[in-house]
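Undergrad: Just dropping this structure here.
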Amino acid sequence: MDASGDERTVNRLLDRRRFLIAGTASLTGTISGCGYLIRGKDSDADPLSVAEDPDSTRFIGEIAGTWGTRFSQVQSVGLVTNLKETGSDPPADELRTRLINEMKINKVMNPNEILADPSTSLVVVRGWLPPGIQKGDSYDIEVVVPPRSKTASLRDGTLMPTQLRRTERRGGELHQGHVSSSAAGAILVDSIFSEESDSNESRGRILGGGVAVQSRPIGLYIRDESGSVSASLLVASAINRRFDTFKDGSKTGVATPKDNRIIELLVPRAYRLNIGRYLAVIRNLPFRESNGSRQVLMTQLESELREPVVAEQAAKKLEALGEAAVPILLRGLTVDNPEIRFYAAESLAYMGEVQAASVLGEIAATNPAFRWHAITALASMDDVEAGVALSNLLHHPNIETRYGSFRAMFARSPQDPTIAGKRLSSFYLHSVVSDSEPFVHFSRVRRPEIVVFGHDQRVRSGFLYVGQGLTVKAIGEGRLDITLYGASGGDQKVVCSDRVSDLIETLSGMGVTYGKMLAMFRTAEREGQLQGKVAVHAVPNPKRRYDRESTEGQEAAMHQGPLPDLFNDSQREREWQTSSGTGLSEADLEMVDGEEKVSTLQQMGDFFKIKKRTD
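In this note's numbering, the protein residues as written are 6 to 620.
Dropping the structure here:
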């Protein structure tokens, strides 16, 4: 079945379930630990019980597909404020009407007058909700000036609180779903991250500016020919024997049958950064085995694990089998072939086996083709050894490896003293001790963040920067003289040390924004005034290939499956929308419609009340 067919199938099943829940006071029954099941066809007719070969092993992927695994686009129209006379009065069109209606609903006075102010601009706000995102989780937001707008720039603008919904046009009419998330915050225009002079200032992003107001479930659906209550229970039981997690402080199975077709899945902690892998492992999980088939299967998989062409898939199948497969995977760590060792170590990492840590650290350091996945696997582990492997990578000569390790360590434990940081006025600052060449890293995803790598990194003697109303000048004895012109209350003058971290913290305290900070450091790098380099979004490249040296003419290997989420840049890569992964693109797969929250646009009204009093 193609993706569009899968989408129609799941939507039909979910629509049927909602109809039955709404129209029926009594359900067929309650299954302990599995929620409510709506009985479909008679389980006596279960095709799983009349298989041609009763001794064969059946895998979940043979009878079930996945749903909820594509990124879901949400959008709205919003208002940007604090522009430096670069905004515009939007034209009379559908977008203006929608924004004015929202402003009126939320008691914003004189909306037309506000829209005419050149310090404001109407914008289209978009976001892509990741699979499995939980209520309260943050994600990046994209802000775009509409085509007919005369707004010249969104630089230094702030998006007022905006509610985002899934929006579709059907039959010429615009249909909106329930509120899925809220968005607000300071905008970083695309030109901030580009060194081209004519780069775009009508488009930008808000790092971590979106907050989910509903959780997005993921799960499986049983295909038509296999759908039955018994099939749903059988699959869920097999999954729960292999995987569990904590919910509300208690250990529970991850799979909950919702009816004879739909199974909802929780995500174990180890897979939170790699949901695609989690679902791939589940599809390779046996739900029916004969007494002797497990051993036969493991013997076959151990043989396949030693063949590079099929080793990756064999490792995932062994990972699905759980604890019984650990000895086989451990033997895979002893193979000379680095590709096989990596696949074995990757599976062991997601199974929580500490022996994987050192192997993954070694592979991340020496083999770029597996670096993205090796570092992500280390981030999935809670063991001290994984932390040691990642901290060792902080000294690697390659910039992407060092920053990739930082990102993984932050995902594991934000309070790790090795990567300790602080929240400044509009961004985060981290100082990381590193034996390799110093550099300063600026993030482009998730949150505005500057990471200073090195031992007591300083600017060079004779440092001088002049630009954007800011002057920074070395005055000897390890000191810098800073002047910020035209600030509220007049010019600001400060003296600080020539340490890079001190300079950043001082400038932040004076009101210098993230974008202006990046511009200053890029200029300083070009003029040779820094000890090291400046990097933006320097993460491992997921598209590298590993060249096998075995059979002549054999194609290079590339890690298969959806990309882990640790390093993805939704706005730039667009892999969220174009990936050929395993998921479906569904309209709305929430099991139960979430509560409509009081509109956060009320805050917009409060903002302009304050603004009017101060003007």
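Note that beta-carbon positions come from the ideal geometry of N, C-alpha and C, so glycine has one too.
From what residue to what residue does the beta strand (DSSP E) around tyrosine 470 run?
TA: 469-472 is the span of the beta strand (DSSP E), which, as asked, contains tyrosine 470.
Undergrad: Evaluate glycine 491 with the Cβ neighbour count: other Cβ atoms within 10 Å of its Cβ, from every protein chain shown; 16 or more gives buried, anything less gives exposed.
TA: Exposed.
Undergrad: May I ask which residues mark the beginning and end of the alpha helix (DSSP H) holding arginine 376?
TA: First-last of the alpha helix (DSSP H) with arginine 376: 376-384.
Undergrad: Quick one, are the C-beta atoms of phenylalanine 411 and leucine 429 less than 8 Å apart?
TA: Their beta carbons are not under 8 Å apart, which means phenylalanine 411 does not touch leucine 429 by this criterion.
Undergrad: Use the C-beta contact count for histidine 460: other C-beta atoms within 10 angstroms, 16 or more gives buried, fewer gives exposed.
TA: With fewer than 16 other Cβ atoms within 10 Å, it is exposed.
Undergrad: Can you give me the start and stop residues for the beta strand (DSSP E) that alanine 275 sits inside?
TA: Counting along the chain, alanine 275 falls outside any beta strand (DSSP E), and DSSP gives it neither H nor E.
Undergrad: Just tell me which of His378, Glu510, Glu482, Val359 has its CA closest to the CA of arginine 282.
TA: It is His378.
Undergrad: Would you mind stating whether leucine 306 and leucine 323 have Cβ atoms separated by less than 8 Å?
TA: The answer is yes: Cβ separation under 8 Å.
Undergrad: From this set, Leu104, Gln420, Gly483, Gln219, which residue's C-alpha is nearest valine 184's C-alpha?
TA: Residue Gln219 is the option with its Cα nearest to valine 184.
Undergrad: Could you tell me the boundaries of the alpha helix (DSSP H) in which proline 343 lies?
TA: Run containing proline 343: 343-355, per the alpha helix (DSSP H) assignment.
Undergrad: For glutamate 99, report the span of its alpha helix (DSSP H) as first-last.
TA: Glutamate 99 -> alpha helix (DSSP H) spans 99-110.
Undergrad: Which two residues bound the contiguous alpha helix (DSSP H) that contains lysine 548?
TA: Premise fails: lysine 548 is in no alpha helix (DSSP H) and is neither H nor E.
Undergrad: Tell me whether lysine 76 is buried or exposed, calling it buried when 16 or more other Cβ atoms sit within 10 Å of its Cβ.
TA: Strictly speaking, residue 76 in this sequence is phenylalanine, with lysine absent from that position. Result: buried.
Undergrad: Taking one C-beta from the region 312-320 and one from the region 339-357 each time, how about it: are there three or more such pairs within less than 8 Å?
TA: Yes, since at least three Cβ pairs between the region 312-320 and the region 339-357 fall closer than 8 Å, the two stretches touch.
Undergrad: Just curious, the beta strand (DSSP E) that valine 364 is in, first and last residue?
TA: Taken as a continuous stretch (DSSP letters only), valine 364 belongs to no beta strand (DSSP E), being part of the alpha helix (DSSP H) at 361-371.
Undergrad: Assuming leucine 134 and tyrosine 144 form a contact by the criterion Cβ under 8 Å, report the distance between their Cβ atoms to the nearest whole angstrom.
TA: Correct: roughly 7 Å between the Cβ atoms.
Undergrad: Measure the alpha-carbon distance for leucine 485 versus glycine 533 and round it to whole angstroms.
TA: For leucine 485 and glycine 533, the distance between alpha carbons rounds to 17 Å.
Undergrad: Is it true that the CB of threonine 511 sits closer than 8 Å to the CB of valine 499?
TA: In contact: valine 499 and threonine 511 (Cβ atoms closer than 8 Å).
Undergrad: Tell me whether the region 227-238 and the region 64-79 touch, counting them as touching only if at least three CB pairs, one residue from each stretch, are closer than 8 Å.
TA: Segments in contact, yes.
Undergrad: By Cβ distance below 6 Å, which residues in the same chain neighbour glycine 474 in space, the five residues on each side in sequence not counted?
TA: The residues are Tyr490, Gly491.
Undergrad: Quick check: what's the CA-CA separation for valine 234 versus threonine 102?
TA: Distance between the alpha carbons of valine 234 and threonine 102 is about 49 Å.
Undergrad: Using only the alpha-carbon positions, how far apart do threonine 381 and phenylalanine 415 sit?
TA: So the alpha carbons of these two residues sit roughly 12 Å apart.
Undergrad: Considering isoleucine 197, what are the terminal residues of the alpha helix (DSSP H) in which it resides?
TA: It is not in any alpha helix (DSSP H) - isoleucine 197 carries neither H nor E in the DSSP assignment.
Undergrad: Span of the beta strand (DSSP E) holding alanine 260?
TA: 260-262 is the extent of the beta strand (DSSP E) around alanine 260.
Undergrad: Go through the region 106-142 residue by residue and report every complete run of the alpha helix (DSSP H) that reaches 4 residues or more, in order.
TA: Taking only runs of at least 4 residues, the alpha helix (DSSP H) segments lying wholly in the region 106-142 are 116-121.
Undergrad: Give the single residue among Tyr355, Gln139, Leu84 whose Cα lies nearest to the Cα of valine 129.
TA: That would be Leu84, whose Cα lies nearest to the Cα of valine 129.
Undergrad: Can you round the beta-carbon distance between alanine 188 and leucine 164 to whole angstroms, since I take them to be within the 8 Å contact cut?
TA: 6 Å between Cβ atoms; contact.
Undergrad: DSSP state of arginine 153, grouped into three classes?
TA: Of the three classes helix, strand and coil, the one that applies to arginine 153 here is coil, per DSSP.
Undergrad: Under the DSSP definition of a beta bridge, which residues are partnered with glutamine 80?
TA: Looking at the DSSP assignment, glutamine 80 forms a beta bridge with Arg131, Arg170.
Undergrad: Using the C-alpha atoms, what's the distance from methionine 522 back to valine 303?
TA: Looking at the sequence shown, residue 303 is not valine but methionine. Computed Cα separation, rounded: 56 Å.
Undergrad: Note the first and the last residue of the continuous beta strand (DSSP E) segment covering alanine 217.
TA: Run containing alanine 217: 208-217, per the beta strand (DSSP E) assignment.
Undergrad: Between the C-alpha atoms of glycine 357 and glutamate 390, what's the straight-line distance to the nearest angstrom?
TA: Glycine 357 and glutamate 390: Cα-Cα distance of roughly 11 Å.
Undergrad: Would aspartate 195 be called buried (16 or more neighbouring beta carbons within 10 Å of its own) or exposed?
TA: Counting Cβ neighbours within 10 Å, aspartate 195 comes out buried, since at least 16 surround it.
Undergrad: Spell out a yes or no on whether the region 262-276 and the region 293-300 are touching, meaning 3 or more CB-CB pairs, one atom from each, closer than 8 Å.
TA: Result no; under three Cβ-Cβ pairs closer than 8 Å.
Undergrad: Determine the direct distance from the alpha carbon of glutamine 168 to that of serine 186, and round the result to whole angstroms.
TA: Whole-angstrom Cα-Cα distance: 6 Å.
Undergrad: Please confirm if the region 89-99 is in contact with the region 234-249, defined as three or more CB-CB distances below 8 Å between the two stretches.
TA: Result no; under three Cβ-Cβ pairs closer than 8 Å.
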